[in-house]
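A short worksheet on the structure shown next.
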Amino acid sequence: SANSPLTRDDDGEPALGDFNYASVVGMLMYLAGHTRPDIAYAVNCCARYMFNPKRSHEEAVQRIVRYLKATRDRGMIFDPSNFLTLDCYPDADFAGMFGHERSDDPTCVKSRTGYVITFAGCPVVWQSKLQTETALSTMEAEIVALSHSCRVLLPLIDIAKQLSTALGQELSESTMQVSIHEDNAGALVLAQTLPPGFTPRSKHYAIKTIWFREQIVQRGIKLCKIDTKEQLGDLFTKGLPLATFVYLRGQLMGW
544 SANSPLTRDD DGEPALGDFN YASVVGMLMY LAGHTRPDIA YAVNCCARYM FNPKRSHEEA
604 VQRIVRYLKA TRDRGMIFDP SNFLTLDCYP DADFAGMFGH ERSDDPTCVK SRTGYVITFA
664 GCPVVWQSKL QTETALSTME AEIVALSHSC RVLLPLIDIA KQLSTALGQE LSESTMQVSI
724 HEDNAGALVL AQTLPPGFTP RSKHYAIKTI WFREQIVQRG IKLCKIDTKE QLGDLFTKGL
784 PLATFVYLRG QLMGW
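Take 544 as the starting number for the sequence shown in my numbering and just add one per residue.
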């Protein structure tokens, strides 16, 4: 179904081979990374089975293509605000494959990172990918996602400042607001805790969070609590109900 994750499907019907699966997925990955963030999650799920696709995987790819065909006159509508803001929306789906994949497959307990970064309200960077480490809680999965997004956000801050200098417009904390929008209360508390401090439940992984917590303080990045229904990163972590998907797509892409 639309809301169930795409599994390895070892015992499923073999692929028909009507089309070159790897080639089509490669094209979709290019599209998802440039102008169609709305298919990023679905394409990443299909890309995991590039070397041994089943019929169910072919059907998933065909479903994405049908969606693209139905929305081929759509794209990304850029409507920048008058305020120079960098906003980051990190999210995670904790062990989203557990109970769907084989229990002896280590991948089934991996969580998924999803985030989007917008500049002046326009999306510039987004990603959907499985985490390489196994998170032990929802909070840890959210912290890993926050860490991944910060690795992209921090260089973007520097690029924005360099570009503004080249254009003769100096940026400062007062003229460019950088915000991270987090919907997990535990992750928000840890991110706001001054290093080397940590919360009781995060002591086994707190050390590797120090680098970005230091940067948050040094760069004056604002951490904001956001309602899960408004979390744009949710679009990149799981299959959503139609109404939720359409709403978040509208917020992100303008239609």
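Backbone N, C-alpha and C fix where the C-beta goes; we use that ideal spot for every residue, glycine too.
This structure is a prediction, so every number in the text was calculated from the model and none was measured.
Integer Cβ distance of residue i from residue j, believed to fall under 8 angstroms
i	j	result
Y592	R655	With a Cβ gap of about 15 angstroms, Y592 and R655 do not count as contacting.
I620	V586	The Cβ separation is near 21 angstroms, so there is no contact.
F641	C651	5 angstroms
L673	A603	16 angstroms between Cβ atoms; not a contact.
L813	Q735	Nothing about residue 813 can be read from this structure; the chain reaches only from 544 to 798.
V721	I764	5 angstroms
K597	A558	6 angstroms
Assigned exposure category for residue i - 16 Cβ within 10 Å defines buried
i	result
S547	exposed
W669	buried
H600	buried
P739	exposed
E725	buried
E556	exposed
Y573	exposed
P623	exposed
G711	exposed
K653	buried
I686	buried
K772	exposed
P580	buried
G657	buried
L706	exposed
L737	exposed
G639	buried
P698	exposed
P633	buried
I702	exposed
A678	buried
E683	buried
Nonlocal neighbours in the same chain, by C-beta distance under 7 angstroms from residue i, ignoring five residues either side
i	result
E644	T550, R551, T650, C651
T661	D630, V667
Residue i Cβ short of 7 angstroms to the ligand NAD heavy atom set
i	result
E602	This structure does not include the ligand NAD; it has no bound ligands of any sort.
Own chain residues within Cβ distance below 6 angstroms of residue i, not counting five before or after
i	result
F594	none
C665	F621, P623
Review point. Curious, which full-length beta strand (DSSP E) runs of at least 3 residues does the segment 599–677 contain?
Key: 627–636, 655–662, 665–673
Practice item. Decide yes or no for the touch test of the segment 749–768 against the segment 684–697: beta carbon pairs closer than 8 angstroms, at least 3 of them. Key: yes
Practice item. Count the C-beta pairs between the segment 746–755 and the segment 786–796 that are closer than 8 angstroms, then say yes if the count reaches three, no if not. Key: no
Check your understanding: If we count Cβ pairs, one from each stretch, closer than 8 angstroms, do we get three or more for the segment 768–776 versus the segment 722–736?
Key -> yes
Practice item. Could I get the ranges of all uninterrupted beta strand (DSSP E) runs contained in the segment 726–770, with 3 residues as the minimum, in chain order? Key: Runs of the beta strand (DSSP E) inside the segment 726–770: 765–768.
Practice item. Please go through the segment 674–721 and give each complete alpha helix (DSSP H) segment of 4 or more residues, from N-terminal end onward. Key: 681–709
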